[in-house]
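Step one of this worksheet: look at the structure below.
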Amino acid sequence: MEQSDRPIALIDCNNFYVSCERLFDVSLRGVPIIVLSNNDGCAVARSEEAKQFIKMGDPVFKIRDLIKRHGVVALSSNYTLYGDVSRRVTEVLHSYSPRLETYSIDESFVDLSGFGDRMEAHAARMRDAVRTETGIPTCVGIAPTKTLAKLANYAAKKNPLFSGVCNLMDQDVRDYVMRRIPIGEIWGVGSATEAKLKAQGINSAAELRDLPLALGRKIGTVVLERLVAELRGIPCIDFEDVPPQRKGMAVTRSAGTPMTTFDVLAQAITAHATRAAEKLRQHGLVAGTMTVFYHTNPHKPDRPRHSFSRSIRLRPMSNHTFDLVDAAVAAARRGWKGDPSGNGYGYTKAGIILDDLLAEADQPAMLFPPDRPRDARLTDALDAINDRFGKKTMVLAREGVSRTWATKADHRSPRYTTRISELPVIQL
DNA sequence: TCTGGGGTCCTAGGACCC
DNA sequence: TCTGGGGTCCTAGGACCC
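Next up, the structure:
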């Protein structure tokens, strides 16, 4: 297989969630900031200042001292804001290349073929435009494969010499950089693969690149073999400027208080199934398979543990709230192991996963389709009311109103809330 | 002395990503 | 006390079939 000479750019926003927060609050600039996950459970984004002493994914309760000592501002996440800023960034990028793949909320691959010698200048202009028009700082990596573009982007972020744009189309520059990048930083090398490779004495991106393909497959799977090829400049991961049909979707939540009665669990399952059906309808999809699961806290191995998961075929395929809720609660009941004596299990997480998704219009015709105009009108009314008056204006009675299962953010003790909000803020 | 072989489909679980 | 949520892809192994 041949090395590619077609340049792919990866443009990645710096500390995206943090940068979004700083757009609207100048007092956050220059101070260490972290953004917390949904439940205020762990740090999912860090400013440069915070990266010095807080690791990605650190649980908040373990870093509370560090937060206090360094005057870190800890913010709950605001996904609506990040989604909107992301859309604006993508809009700007689109004016710089017709061929673009939005890879995640803060990264896009851009096809730079046809720019010749001007590709670096073009990338720099693109970066300036995003900065000027949205306020978000970015870095760009350019290389012949996606994996190398990711690597280039990493170098652009780490080494100020690149001034935000690292071009690895040149073999010598690429080799220089790859000899200095540890394998753990490579896109597709997680902790398990990192450990296996290190055991074989492979520590740098350059060493992994030089691994024989067959050995790559032996140590890992075909995935690692492809990764080695990508590091050699042979593209194995397609450029997807048309987003493929999504295969599944999920609604899962941790419970603020462990769920010890079936009633409470059923309320949570009802809420998640309701939301899952809403998501399906929003995307114009129906699902053919639904999986219900719930489990106790896996971080507490000394307590009674139980994990339940069951998949159900939905026939006909459906996006009706009632179909999903009924099936989900019935399935959940079959796995229930709680007992009223007080020795029951405390379930800390529950969720609904939908698979075999299909556009509503492509649904196979049934010989005897169920006649349910009433259900359809009901869900239409439900969506209309919740659209107009806000989420959860109308819910199934079964979901209940106590929401004892809801996440900590909704059910946090007053003191805890106070402590988070009283974290010191340094004003410039 | 000694239980067929080969194909497909499905699912659970692992690994990885942001 | 307190550890996110939502995705994708791959593989091994069981069920089933002829």
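Numbering (full-length UniProt numbering), first residue to last: 1 to 428. Glycine residues also receive a C-beta, built at the ideal position from the N, C-alpha and C atoms.
Considering only residues of the same chain and omitting the five flanking positions on each side of residue i, which have a CB-CB separation below 7 angstroms?
{"i": "V286", "result": "L280, M317, S318, N319, L358, E360 and Q363"}
{"i": "I207", "result": "The question names Ile, but residue 207 is Glu in the sequence shown. Answer for E207: no residue qualifies."}
{"i": "R217", "result": "L224 and E225"}
{"i": "L231", "result": "T147, L148, A205, L208 and R209"}
{"i": "R415", "result": "Here the model assigns R415 a pLDDT of 30, short of 50, so the residue's position is not dependable and the matter cannot be decided."}
{"i": "P424", "result": "Low confidence applies here, because P424 scores a pLDDT of 41, under 50, leaving its location unreliable; read the following figure in that light. For P424, where only same-chain residues beyond five positions count, the Cβ hits under 7 angstroms are G71."}
{"i": "A266", "result": "V329, A332 and R398"}
{"i": "L213", "result": "E225, V228 and A229"}
{"i": "L211", "result": "I202 and V228"}
{"i": "S19", "result": "C13, I136 and P137"}
Excluding the five sequence neighbours on either side, which residues of its own chain have a C-beta within less than 8 angstroms of the C-beta of residue i, listed in chain order?
{"i": "L382", "result": "T321 and M394"}
{"i": "K95", "result": "Here residue 95 turns out to be Ser, not Lys, going by the sequence shown. Contacts found: A129."}
{"i": "D238", "result": "none"}
{"i": "S113", "result": "R6 and P7"}
{"i": "S4", "result": "P144, T145, G233, I234 and P235"}
{"i": "K337", "result": "H306, F308, G344 and Y345"}
Below 6 angstroms CB to CB, which residues in the same chain sit around residue i once its five sequence neighbours on both sides are set aside?
{"i": "G135", "result": "L23"}
{"i": "R174", "result": "L168"}
{"i": "L197", "result": "I183"}
{"i": "A273", "result": "L324, V325, A328 and I352"}
Going by Cα to Cα distance, which pick from the options is closest to residue i?
{"i": "H70", "options": "C42, I33 and S86", "result": "I33"}
{"i": "V242", "options": "K68, R118 and R99", "result": "R99"}
{"i": "V329", "options": "R310, R315, G344 and Y345", "result": "R310"}
{"i": "S77", "options": "I8, V35 and A273", "result": "V35"}
{"i": "I142", "options": "S254, M169, I67 and T132", "result": "M169"}
{"i": "V72", "options": "M119, E49 and T221", "result": "E49"}
{"i": "N38", "options": "L75, T289 and K300", "result": "L75"}
{"i": "F109", "options": "L265, W405 and R6", "result": "R6"}
{"i": "I183", "options": "R209, G164 and N167", "result": "R209"}
{"i": "R315", "options": "A365, R303 and K68", "result": "A365"}
{"i": "T132", "options": "C166, R275, P144 and R88", "result": "R88"}
{"i": "V325", "options": "L354, H306 and P298", "result": "L354"}
{"i": "A271", "options": "H283, G288, G284 and A250", "result": "A250"}
{"i": "R398", "options": "A214, I269 and D356", "result": "I269"}
{"i": "S402", "options": "K300, A327, D380 and D263", "result": "D263"}
{"i": "F16", "options": "P137, E120, A121 and L112", "result": "P137"}
{"i": "C166", "options": "A195, S86 and A123", "result": "A123"}
Go ahead and pull the three-state DSSP assignment for residue i.
{"i": "D387", "result": "helix"}
{"i": "L211", "result": "coil"}
{"i": "T221", "result": "coil"}
{"i": "A287", "result": "strand"}
{"i": "H320", "result": "coil"}
{"i": "M249", "result": "strand"}
{"i": "T138", "result": "strand"}
{"i": "C236", "result": "coil"}
{"i": "L112", "result": "coil"}
{"i": "S402", "result": "coil"}
{"i": "Y345", "result": "coil"}
Compute every distance between the C-beta of residue i and the non-hydrogen atoms of the ligand COA, then say whether any falls below 6 angstroms.
{"i": "E49", "result": "Only the bare structure without any ligand can be found here, which leaves the ligand COA out of the picture."}
Stretch-stretch touch, CB-based, cutoff 8 angstroms, three pairs: the stretch 58-78 with the stretch 93-112: no
What runs of the alpha helix (DSSP H), each 4 residues or longer, lie entirely inside the stretch 142-205? 146-158, 171-178 and 191-199
Should the stretch 186-195 be regarded as contacting the stretch 158-168, the criterion being three or more beta carbon pairs within less than 8 angstroms? no
Kindly confirm or deny that the stretch 259-269 and the stretch 345-359 touch, where touching means at least three C-beta pairs closer than 8 angstroms. yes
Under 8 angstroms: do the stretch 4-16 and the stretch 143-157 share three or more Cβ pairs, one atom per stretch? yes
What are the complete alpha helix (DSSP H) segments, minimum 4 residues, inside the stretch 48-74? 48-51 and 60-70
What are the complete alpha helix (DSSP H) segments, minimum 4 residues, inside the stretch 76-129? 79-94
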